[in-house]
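First comes the structure, then the notes that go with it.
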Amino acid sequence: MQKSRLPTKQPRDASAAVPPQEAKIPRQESRTLGSLTNKNHPANPVVPEFNKDLPQTFNFSQKPFEASSTQQSLVQNKRLKMYAGSRMTRANMEHYRALKVAEAELRDQVQLLEVAQHQLQQSLMEKEDEREKLLSKAEDLECQKEVLSKKLQFCMVVLESNLIDPISANKVVENLEQKDKCRRETMELRRMWQTVKEESEEMMQDSDLFQKELDEWRQLVEESKQLVEVEQSELN
50 MQKSRLPTKQ PRDASAAVPP QEAKIPRQES RTLGSLTNKN HPANPVVPEF
100 NKDLPQTFNF SQKPFEASST QQSLVQNKRL KMYAGSRMTR ANMEHYRALK
150 VAEAELRDQV QLLEVAQHQL QQSLMEKEDE REKLLSKAED LECQKEVLSK
200 KLQFCMVVLE SNLIDPISAN KVVENLEQKD KCRRETMELR RMWQTVKEES
250 EEMMQDSDLF QKELDEWRQL VEESKQLVEV EQSELN
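The number in the working numbering is simply the position in the sequence shown, starting from 1, with 49 added.
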């Protein structure tokens, strides 16, 4: 219960208190300002207590007078708490409205942030699912790689055991035979070339001897001619 701040008169005998509804209010005669004089118009007129606003309820008992009023609903605000029935100035009202607008804007921003957070969470969950799928695919590919490597090793062992070249897919024995055949042919050709070379050298030597014999024979022929000429000249 809040005590009223309105000044009230306390009667000498509390039992003789009269309710304000039954109290007789003296009527004052309305006079114009011109008719009033300084004698009958005091400088500071006293307003009777009954003309002021009375509280809502009174408690007429032997106790001192107390006024009670029902608790008004409060305007709940995180930043500002004000009584709905309290008097507000224009500046306070504008400040209150500005706070309300700021609160609404903050509420909208919070909602937008919540929506963005929800979207980010959804995208994060999708990325996590994609990551799990990629990891599972990588594991499957790794298993396939191991299986293929084992098969490749087995195939290499089979090819080597059967003397098959894995690149040309030909048998190693046939390749060796062809290589031996080519080697033999080259050796025979080399021998033939060597023999031909030796024969050519012998023929060159024979030709040199023949040329020497031919030169000697020509020289003898010339000498014989000279002797014949000398003998003919002597006979003449």
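Every residue, glycine too, gets a C-beta built ideally from N, C-alpha and C.
query                                                                                                        : result
Separation of I213 from R232, as counted between CA atoms                                                    : 21 Å
Alpha helix (DSSP H) segment containing N141, residue limits                                                 : R139 to S210
Through-space distance from E234 to L208, alpha-carbon basis                                                 : 30 Å
Sequence-distant residues of the same chain with beta carbon closer than 7 Å to R156, five excluded per side : none
Rounded separation between L183 and E175 - CA only                                                           : 12 Å
Cα-Cα separation, V196 to V206                                                                               : 16 Å
Inter-residue spacing [alpha-carbon to alpha-carbon] between N108 and E163                                   : With a pLDDT of 46 at N108, under the threshold of 50, the modelled position of that residue is not reliable, and the figure given next carries that caveat. Taking the straight line joining both Cα atoms gives about 54 Å.
Cutoff 8 Å: L263 Cβ touching any chain C Cβ                                                                  : In summary, chain C is missing from the structure at hand, where a single protein chain is found.
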